[in-house]
Amino acid sequence: MEKLSMAATMFCAVVLAALAAAAGGEAAVVEHTFVVHEMNQTHLCNTTKIYVVNGQLPGPTIDITDGDTVVVHVINRLPHGLTIHWHGIRQMRSCWSDGAGFVTECPIPPGGEHVYRFNVTGQVGTLWWHAHVTCLRATVAGAFIIRPKGGRYPFPTPAKDVPIIIGEWWELDLVELDRRMHDGNFDDNPLSATINGKLGDLSNCSGKPEESFVLDVVRGKTYLLRIVNTALFSEYYFKVAGHTFTVVGADGYYLTPYKTDMVTVAPGEAIDVLMAADAPPAHYHMVALANQPPEPDPQIPGFVSRGLVRYAGSSHNNNGLPVPTPLMPSQHNTMPSYYFHSNLTGLAHPDRHRVPMHVDERLFFALGLGSICRGTNKTCERGRSPETIVVATMNNVSFRHPTNASLLERYYDGQTSGLYTEDLPDHPPHPYNYTDRSLIPPGPLEKALEPTFKATKLRRFRYNTSVEIIFQSTALLQSDSNPMHLHGYDFFVLATGLGNYNPKTDPKKFNYHNPQLRNTVQVPRTGWAAVRFVTDNPGMWYLHCHFEFHIIMGMATAFIVENGPTPETSLPPPPPEFKRCGANGLTQP
Ligand code: C2O
């Protein structure tokens, strides 16, 4: 009896909180426990040990309303360190909960626990969460949904919403993969793309097709697809045969509705689209296809996952008719990505953040590859020679990731000497023709430009500085795009373009009227992107390319944002439950 009434009271409390939240009333506290553990999964005739949260792949969805506070208890049952990052959450004055390994905290050691606590206000749509040490994020990842207060969308309320997590299936142990990439070995590849963890029927093991992700729909209804790319390696094209999409949001902000038959999603991006089930009831294939630059760029295998849209009432075998498959672009054609991203604009509404019209500090970051000599040699043969390790750079500095201290903690304690310096250059040391395709080996042009070095160089900003960054993708050793992600902030994407950025003519193309607000900007292949943001959130914020190989190779830095003049504009001390480096015994990954 006692127990029953207790349960009833608790049930009522939960319902009341939910009702209050739904009515736009009091914000709720949403709690989760994430147990991270190993699990075996069999695909393509092989059983692999993978790392998951609560036995789920993709991991559990966090589903909240704008204004809620999130508390996640993470229990690490893995044999190595772990952090979880809430990708895209602004973490206003809660940098301590950002979960970037060795940037905002030391990893939770094996057997350890950690509590993340943060408020989410002013963001709506889809973000995601993922492990932020080594390559674990390939499987330790999930969707993070933020619903508008009172359920009021700026479009007709969809019948249902469906996370579409595009990822990769790795047979190689992810910790081993990380170790190999740190050694400069980039020969490993996933075996397949995945949609919501399914490899799809284009992959098979001795003739037995892999399971496909199936989306069941009812004719006449509209679905909100929350498409997230959690892959380590590739940008994806996503299509559904016989259907079109209306893009309505990205990275936690609404967009001006944009109609298209194909979505492009780079690692780190989250794209919300409406799909009307308006086709004759039948089965239709959906396809996620990875793109990559053509030769002479180094090539990886093509990855694809095929799923199914299945209408209620359509026959089990599609009436014996072939299932329509979408016509995909060539995997080597990267132009659709450029057009897709540059066609998106923000939805104008009254509480929208203001576009900064003046600029206090201008940065120009050239993104490329470089090389360092193996071992202790000071000189070595360049041009894809075995004497070098290929690394990635921003303004010719290759970020050395700390491995035994947290940048934020040491900054907060004022004990930074020997850990980092604050002299990341604002401009490339030697300007060159960044997008000259003859910089891709076999040279000889690149040989003079590729020598670089490893260092932990950060950049410091005063509170309330208006910053403009031009990200310039280069063709140095390869011509990949670069999905650049900044923690703790969103930037307005004022323009993107192909070729070298021209500081005289290109600012004329800037969109100050309704630019998209993004935490990840896809800097086009051999092109550039111009972004602006105001440093209104004090702390230590990781900036990096969201291709895992680029981050490991060093295309990264961190921005220090100083405290403002008041307690409300300053980073509070670490919360009581925060575990300092070493407090748990271990700091190593
Ligand atoms: Cu998706 Cu540094 O993060």
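Numbering (the numbering used here), first residue to last: 1208 to 1796. Note that CB positions come from ideal geometry on N, CA and C, so glycine has one too.
Looking only at C-alpha atoms, which of the options sits nearest to residue i?
| i | options | result |
| --- | --- | --- |
| Gly-1332 | Asn-1744, Lys-1786, Ile-1402, Ile-1296 | Ile-1296 |
| Leu-1285 | His-1539, Tyr-1443, Glu-1775, Tyr-1258 | Tyr-1258 |
| Leu-1626 | Ala-1655, Lys-1661, Val-1598 | Lys-1661 |
| Arg-1426 | His-1490, Arg-1387, Pro-1370 | His-1490 |
| Asp-1743 | Glu-1675, Ile-1282, Tyr-1670 | Tyr-1670 |
| Phe-1740 | His-1560, Ser-1624, Ser-1645 | His-1560 |
| Tyr-1704 | Pro-1500, Pro-1745, Leu-1656, Ile-1677 | It is Gly, not Tyr, that sits at residue 1704 in the sequence shown. Comparing Cα positions, the closest option is Ile-1677. |
| Asp-1713 | Val-1738, Phe-1698, Val-1728, Arg-1732 | Val-1738 |
| Tyr-1360 | Gly-1318, Val-1347, Leu-1554 | Leu-1554 |
| Val-1447 | Arg-1607, Arg-1513, Glu-1378, Val-1347 | Arg-1513 |
| His-1539 | Gln-1506, His-1556, His-1523 | Gln-1506 |
| His-1287 | Thr-1451, Val-1243, Asn-1498 | Val-1243 |
| Val-1327 | Cys-1752, Tyr-1696, Pro-1779 | Tyr-1696 |
| His-1757 | Arg-1569, Leu-1701, Val-1421, Arg-1607 | Arg-1607 |
| Gln-1263 | Asp-1275, Asn-1253, Thr-1254, Glu-1245 | Glu-1245 |
| His-1720 | Phe-1699, His-1389, Asp-1368 | Phe-1699 |
| Pro-1745 | Pro-1508, Ile-1478, Gln-1723, Pro-1780 | Pro-1780 |
| Pro-1234 | Gly-1577, Ile-1271, Tyr-1546 | Reading off the sequence shown, one finds Ala at residue 1234, where the question assumed Pro. Of the listed residues, the one whose Cα sits closest to Ala-1234 is Ile-1271. |
Just the C-alpha distance for residue i and residue j, rounded to the nearest angstrom, thanks.
| i | j | result |
| --- | --- | --- |
| Pro-1782 | Thr-1764 | 25 angstroms |
| His-1692 | Asp-1385 | 20 angstroms |
| Asn-1247 | Thr-1586 | 45 angstroms |
| Lys-1356 | Lys-1711 | 43 angstroms |
| Asn-1590 | Ser-1301 | Contrary to the premise, residue 1590 reads as Gly rather than Asn in this sequence. Distance between the alpha carbons of Gly-1590 and Ser-1301: 44 angstroms. |
| His-1548 | Met-1469 | 11 angstroms |
| Asn-1640 | Phe-1572 | 14 angstroms |
| Gly-1734 | Gly-1575 | 12 angstroms |
| Val-1340 | Leu-1528 | 47 angstroms |
| Arg-1667 | Trp-1376 | 38 angstroms |
| Ala-1229 | Ala-1599 | Its pLDDT being 49, under 50, Ala-1229 is placed unreliably in this model, and the coordinates cannot settle the point. |
| Lys-1415 | Val-1511 | 17 angstroms |
| Asp-1394 | Pro-1649 | 19 angstroms |
| Pro-1370 | His-1637 | 44 angstroms |
| Lys-1466 | His-1294 | 26 angstroms |
| Gly-1621 | Leu-1615 | 10 angstroms |
| Pro-1563 | Phe-1717 | 12 angstroms |
| Ser-1624 | Glu-1378 | 41 angstroms |
| Leu-1343 | Val-1260 | 11 angstroms |
| Pro-1533 | Ala-1495 | 10 angstroms |
| Ala-1338 | Thr-1346 | 8 angstroms |
| Leu-1381 | Asn-1392 | 14 angstroms |
| Glu-1418 | Thr-1249 | 11 angstroms |
| Pro-1658 | Leu-1646 | 13 angstroms |
| Asn-1707 | Phe-1754 | 22 angstroms |
| Asn-1283 | Asp-1485 | 45 angstroms |
| Val-1330 | Asp-1275 | The residue asked about is misnamed: residue 1330 is Gln in this sequence, not Val. Between Gln-1330 and Asp-1275, the C-alpha separation is close to 11 angstroms. |
For a quick check, are the C-beta atoms of residue i and residue j less than 9 angstroms apart?
| i | j | result |
| --- | --- | --- |
| Val-1277 | Val-1236 | yes |
| Arg-1354 | Asp-1423 | no |
| His-1694 | Asp-1305 | yes |
| Leu-1251 | Ser-1410 | yes |
| Ala-1350 | Ile-1373 | no |
| Ile-1315 | Thr-1290 | yes |
| Val-1454 | Leu-1462 | yes |
| Ala-1457 | Arg-1725 | yes |
| Pro-1474 | Leu-1431 | no |
| Ser-1688 | Ser-1777 | no |
| Cys-1412 | Asn-1611 | no |
| Ile-1402 | Tyr-1618 | no |
| Ser-1686 | Asp-1504 | yes |
| Glu-1476 | Gln-1729 | yes |
| Glu-1238 | Val-1279 | yes |
| Lys-1428 | Pro-1365 | yes |
| Pro-1651 | Asn-1603 | no |
| Glu-1568 | Arg-1581 | no |
| Glu-1312 | Ser-1613 | yes |
| Ser-1605 | Met-1388 | no |
| Ala-1642 | Ala-1702 | According to the sequence provided, residue 1642 is Thr. The question's Ala does not apply to it. Going by C-beta atoms, Thr-1642 is not nearer than 9 angstroms to Ala-1702. |
| Tyr-1460 | Gln-1723 | yes |
| Glu-1675 | Leu-1570 | yes |
| Glu-1784 | Val-1421 | no |
Quiz: which residues have CB nearer than 7 angstroms to the ligand C2O non-hydrogen atoms: His-1292, His-1294, Ala-1307, His-1337, His-1339, Gly-1475, His-1692, His-1694, Tyr-1749, His-1751, His-1753
Within the stretch 1741-1776, ranges of the alpha helix (DSSP H) (whole runs, at least 4 residues): 1755-1760
Ordered list of alpha helix (DSSP H) runs contained in the stretch 1360-1434, each at least 4 residues: 1381-1389
3-residue-minimum beta strand (DSSP E) runs that sit fully inside the stretch 1625-1704, ordered along the chain: 1666-1668, 1673-1680, 1689-1693
Uninterrupted alpha helix (DSSP H) stretches inside the stretch 1583-1631 (no shorter than 4 residues): 1614-1620
Uninterrupted alpha helix (DSSP H) stretches inside the stretch 1296-1342 (no shorter than 4 residues): none
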